[in-house]
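Peer 1: In the numbering used here, the protein residues as written are 99 to 605.
#1: If we ignore side chains and look at the alpha-carbon of each, how far apart do residue 338 and residue 104 end up?
#2: Give me the Cα-Cα distance between residue 262 and residue 512, rounded to the nearest whole angstrom.
#3: By alpha-carbon positions, which one of 234, 294, 256 ends up nearest to residue 316?
#4: Go ahead and pull the three-state DSSP assignment for residue 434.
#5: For residue 231 and residue 571, what's the separation of their Cα atoms in angstroms?
#6: Residue range of the alpha helix (DSSP H) that residue 515 falls in?
#7: Thinking just about the alpha-carbon of each residue, which of 153, 139, 121 is nearest to the one in residue 108?
#8: In its own chain, which residues sit with a C-beta less than 6 Å from the C-beta of residue 143, not counting the 5 before and 5 after it?
#9: Check this for me: beta carbons of residue 176 and residue 597, under 9 Å apart or not?
#10: Within its chain, find whatever has a CB closer than 7 Å to the CB of residue 314; leave out the 5 residues flanking it on each side and keep chain order.
#11: Comparing alpha-carbon positions, which option in 106, 194, 599 lies nearest residue 151?
#12: For the region 578 to 597 and the region 483 to 499, state whether three or more C-beta atom pairs, one from each stretch, are separated by less than 8 Å.
#13: Nearest to residue 439 by CA position, among 432, 430, 428, 424, is which residue?
#14: Starting from the Cα of residue 347, find the closest Cα among 236, 322, 249, 197 and give me that residue.
#15: The alpha helix (DSSP H) that contains residue 316, what's its start and end?
#16: Which value, in whole angstroms, describes the spacing of the CA atoms of residue 355 and residue 327?
#17: Would you tell me roughly how many angstroms separate the C-alpha atoms of residue 441 and residue 283, rounded to the nearest one?
#18: Using CA atoms only, rank isn't needed, just tell me which of 592, 595, 569 is closest to residue 203.
#19: Could you spell out the range, first to last residue, of the alpha helix (DSSP H) harbouring residue 205?
#20: Buried or exposed: where does residue 132 fall if 16 or more other Cβ atoms within 10 Å of its Cβ makes it buried?
#21: To which residues of the same chain is residue 241 closer than 7 Å at the C-beta, ignoring the five residues directly before and after it?
#22: So is residue 223 buried or exposed if we call it buried at 16+ other beta carbons inside 10 Å?
#23: Report back the beta-carbon spacing between residue 331 and residue 236 to the nearest angstrom; my notes put them in contact at under 8 Å.
#24: Counting pairs of beta carbons, one from the region 177 to 190 and one from the region 542 to 557, are three or more of them closer than 8 Å?
#25: Can you round the beta-carbon distance between residue 535 and residue 524 to whole angstroms, since I take them to be within the 8 Å contact cut?
#26: For residue 291 and residue 198, what's the separation of their Cα atoms in angstroms?
#27: Does residue 112 pass the burial test, meaning 16 or more other C-beta atoms within 10 Å, or should it be called exposed?
#28: Measure the Cβ-Cβ separation of residue 533 and residue 546 and say whether it is below 9 Å.
#29: Thinking C-alpha only, which one of 246, 259, 123, 343 is nearest residue 193?
#30: Excluding the 5 residues flanking residue 468 on each side, which residues of the same chain have their C-beta closer than 6 Å to its C-beta?
#31: Quick check: what's the CA-CA separation for residue 275 versus residue 134?
#32: Quick one: what's got a C-beta closer than 7 Å to residue 110's C-beta in the same chain, skipping five residues either side?
#33: Can you say whether residue 168 is buried or exposed, counting buried as having 16 or more other CB atoms within 10 angstroms of its CB?
#34: What separation, rounded to the nearest whole angstrom, lies between the Cα atoms of residue 343 and residue 173?
#35: Within its chain, find whatever has a CB closer than 6 Å to the CB of residue 247; leave out the 5 residues flanking it on each side and keep chain order.
What follows is the structure, encoded as C-alpha cells:
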C-alpha cells in the first residue's frame with residue numbers, strides 16, 4: 099500500500115496530508131466549544147480528503163506505469179507553495195469570518211513558507227484554534243523543508259548543496275553516494291521515515307521544557323513548533339510576551355542550533371570528509387556571528403558613555419547582553435523571536451531600532467537544508483574563503499593555495515556558484531523593492547517587505563522599521579507581491595532556473 103501511494107505525484111500526497119492536518123484543529127475547537135470554527139476545519143478537511151481520493155483514483159492507472167522523477171518532484175514542491183495555501187486558507191477564512199480570503203491566503207502562504215508574518219497584529223482577534231492552525235501549517239512547512247532538502251534538492255545539487263558538490267545546479271552528482279542514487283520516491287520515503295520522528299521528538303522535548311519553565315501549555319506548543327520550523331509564529335504576539343521568562347529563552351536558544359547546521363540533526367546529505375558538528379563551517383561561522391554582533395552592540399554603550407556617569411549595574415549589563423545574544427541568533431536563524439531584554443539591549447547600544455543589523459542577520463540566514471531562510475551560511479563561508487585566497491594572492495602572487503580537495507572546490511567552484519546565487523538574490527530584492535514601490539510603498543518599507551519575504555523572516559516587518567509595518571494596510575498588489583517574494587525566497591531562484599532548463603526534464 100505504501101509503495102503504491104509513493105507512485106502518486108508529490109503534490110497529491112501533500113494535498114492529502116494537508117487535509118488530514120485539519121482534523122486536530124477541528125477537535126481542538128470542539129473541545130473549546132467553538133462549533134463554528136470546528137465545523138470549518140471538519141468540513142474543509144473532509145471535502146479535501148474526498149477530492150484527493152477521487153483524483154488519486156482517476157490517475158491510478160497512469161501512476162502504476164510512471165514513477166515521478168526528481169524534476170517532477172521539484173515542480174510538485176513549487177506547486178505546493180503556489181496552490182496548497184489556497185486550500186489551507188479555506189478553514190481559516192471560514193473560521194475568522196471578518197476578513198477577506200486574500201488575507202487568509204496570504205496568512206497561509208506566510209505560514210507554509212515558515213515566514214511567520216501575520217495579518218492579525220492583535221493576538222486576541224482570532225481564536226486559539228486558528229492560532230493552532232497557523233502553528234501547525236508552519237510546523238508542517240518546516241518538516242517539508244527538512245525532507246525535501248535531502249530527497250529533492252540534494253540529488254539535484256540545489257538548495258545550497260551546489261556549493262560543495264561537483265555537479266552543476268540542477269544536475270545529479272554521482273559522488274554523493276548510494277542514498278542519492280536511489281529512486282526519487284524511495285528517497286522521499288527514507289527521508290520521511292528518518293527525519294519525521296526526529297522533528298516530532300525535538301518539538302515534544304521543547305514543548306515539555308517550555309511548560310517546565312512556566313509557559314502555558316498551548317502557548318508552549320505553538321512556540322515549540324515555531325522554533326523548530328523557524329516560523330516565529332506566536333499566539334501572544336511574540337516570545338517576549340510569554341510567561342516562560344529567562345529559562346524559556348535559554349531553552350529556545352539551544353534549539354536555534356538546529357537552524358544553523360543540518361549536522362545538528364542529520365548527516366544524510368553531508369559530502370564532506372570530516373564529520374561532526376565541531377568541524378562544520380556553517381555552525382562555526384554562526385557562532386562567530388552570534389558572539390561578535392552582540393559584543394559590538396554591548397561595547398557601543400561603553401563608547402557612548404565615556405563622558406557621562408553610568409548608573410547601570412552588572413546585572414542590568416548581563417541582561418542587556420543576553421537580550422542581544424538571543425535576538426541576534428533568533429534573526430540569524432530567521433525565526434524572529436525577540437528577547438524580553440531586547441529593549442534593554444537596544445537602549446544600551448544607543449540604537450533605538452537597529453534595523454540594518456537585523457536585516458543583515460536575516461539576509462545571511464541559517465544553514466543549508468535547514469528550515470532557515472536567507473542566503474545561507476555555507477554560501478557566505480564559500481565567499482569568505484575565496485576572498486581570503488584573493489587577498490593572499492595580492493600579497494604573494496606566486497603562492498599556492500592550501501587546503502583539502504573539498505576545501506579547494508568550495509573556494510573555487512563553490513564560491514563561483516555562491517556569488518551567482520548572491521547576485522540573483524540581490525536582483526530579486528531590487529526587483530521586488532521596485533515593484534512594491536510602484537504599488538505605493540515608500541523605499542524603506544518596500545525594501546523591508548521584500549527582504550522579509552525573500553529571507554522568510556516575517557517578524558522583520560515589526561522589528562526592522564521605526565514604525566511597525568502592518569500587512570493588513572497594504573494594497574492588493576503589494577500583498578500579492580509579498581506572497582510571491584515568500585515563495586521565491588523559500589524555493590530559491592536556482593531551483594526555478596533548474597525547472598526552466600529543458601535538459602533537466604529530458605534527463
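No residue lacks a Cβ here, since even glycine has one placed at the ideal position from N, Cα and C. Remember, it's a predicted structure, so these values are computed and weren't measured experimentally.
Peer 2: Result, derived from the coordinates:
#1: Counting from 1 along the chain shown, the entry for residue 338 is found at position 240. Counting from 1 along the chain shown, the entry for residue 104 is found at position 6. Here the alpha carbons of residue 104 and residue 338 stand approximately 42 Å from one another.
#2: Working through the chain shown from its first residue, we reach residue 262 at position 164. Working through the chain shown from its first residue, we reach residue 512 at position 414. Distance between the alpha carbons of residue 262 and residue 512: 6 Å.
#3: Position 218 of the chain shown, counting from 1, holds the residue named residue 316. The shortest Cα separation from residue 316 among 234, 294, 256 belongs to 234.
#4: Here residue 434 refers to the residue found at position 336 when the chain shown is read from its first residue. If DSSP states are grouped into helix, strand and coil, residue 434 belongs with coil.
#5: In the chain shown, residue 231 corresponds to position 133, counting from 1. In the chain shown, residue 571 corresponds to position 473, counting from 1. Residue 231 and residue 571 have their alpha carbons spaced roughly 23 Å apart.
#6: Your numbering for residue 515 matches position 417 in the chain shown. Judged by DSSP secondary structure, residue 515 falls within the alpha helix (DSSP H) whose first and last residues are 513 to 536.
#7: Numbered from 1 along the chain shown, position 10 holds the residue referred to as residue 108. Among 153, 139, 121, the Cα nearest to that of residue 108 is on 153.
#8: As a working mapping, residue 143 is identified with position 45 in the chain shown. 117, 120, 121.
#9: Residue 176 sits at position 78 when you count from the first residue of the chain shown. Residue 597 sits at position 499 when you count from the first residue of the chain shown. Yes.
#10: As a position in the chain shown, residue 314 is number 216, starting the count at 1. Residues of the same chain with a CB within less than 7 Å of the CB of residue 314, apart from the 5 flanking positions on each side, are 341 in chain order.
#11: Translated into positions along the chain shown, residue 151 becomes position 53. The shortest Cα separation from residue 151 among 106, 194, 599 belongs to 106.
#12: In short, these stretches do not touch, since the Cβ pair count stays below three.
#13: Residue 439 sits at position 341 when you count from the first residue of the chain shown. Cα-wise, what sits closest to residue 439 is 424.
#14: On the chain shown, residue 347 is found 249 positions in, with the first residue counted as 1. Looking at the Cα atoms, 322 is the closest of the given residues.
#15: In the chain shown, residue 316 corresponds to position 218, counting from 1. Where residue 316 is concerned, the enclosing alpha helix (DSSP H) stretches over 315 to 327.
#16: Against the chain shown, residue 355 aligns to sequence position 257. Against the chain shown, residue 327 aligns to sequence position 229. Here the C-alpha atom of residue 355 lies approximately 12 Å from the C-alpha atom of residue 327.
#17: By 1-based counting over the chain shown, the position of residue 441 is 343. By 1-based counting over the chain shown, the position of residue 283 is 185. Spanning the two alpha carbons is a distance of roughly 48 Å.
#18: As a working note, residue 203 is residue 105 in the chain shown. It is 569.
#19: By 1-based counting over the chain shown, the position of residue 205 is 107. Residues 199 to 210.
#20: Locating residue 132 in the chain shown gives position 34, counting from the first residue. Label assigned to residue 132: buried.
#21: For the purposes of this step, residue 241 is taken as the residue at position 143 of the chain shown. Once the five neighbours on either side are set aside, the close Cβ partners of residue 241 are 294, 297.
#22: Residue 223 sits at position 125 when you count from the first residue of the chain shown. Per the 10 Å Cβ criterion, exposed.
#23: Here residue 331 refers to the residue found at position 233 of the chain shown. Here residue 236 refers to the residue found at position 138 of the chain shown. Confirmed, Cβ separation roughly 5 Å.
#24: no
#25: Indexing the chain shown from 1 puts residue 535 at position 437. Indexing the chain shown from 1 puts residue 524 at position 426. Incorrect: roughly 16 Å between the Cβ atoms, too far for contact.
#26: Along the chain shown, one-based indexing puts residue 291 at 193. Along the chain shown, one-based indexing puts residue 198 at 100. Rounded to the nearest angstrom, the gap between the Cα atoms of residue 291 and residue 198 is 38 Å.
#27: As a first step, residue 112 must be located in the chain shown, where it is residue number 14. Answer is buried; the Cβ neighbour count reaches 16.
#28: Residue 533 sits at position 435 when you count from the first residue of the chain shown. Residue 546 sits at position 448 when you count from the first residue of the chain shown. Against a cut-off of 9 Å, the Cβ pair of residue 546 and residue 533 comes out as no contact.
#29: Sequence index remark: in the chain shown, residue 193 carries index 95 (1-based). Nearest C-alpha to residue 193: 123.
#30: Counted from its first residue, the chain shown places residue 468 at position 370. Same-chain partners within the cutoff: 357, 360.
#31: For this step, residue 275 is matched to residue 177 along the chain shown. For this step, residue 134 is matched to residue 36 along the chain shown. Legend: pLDDT at residue 275 = 44, less than 50; position of this residue unreliable, value from coordinates given subsequently. Taken atom to atom, the span from the alpha-carbon of residue 275 to that of residue 134 is near 52 Å.
#32: Counting from one through the chain shown, the residue named residue 110 turns up at place 12. Cβ neighbours of residue 110 beyond the five flanking positions: 150, 153, 154.
#33: Indexing the chain shown from 1 puts residue 168 at position 70. So residue 168 counts as buried.
#34: Here residue 343 corresponds to residue number 245 of the chain shown, with the count starting at 1. Here residue 173 corresponds to residue number 75 of the chain shown, with the count starting at 1. Answer to the nearest angstrom: the Cα atoms are 43 Å apart.
#35: For the purposes of this step, residue 247 is taken as residue 149 along the chain shown, with counting starting at 1. Closer than 6 Å at Cβ, skipping near neighbours: 257, 467.
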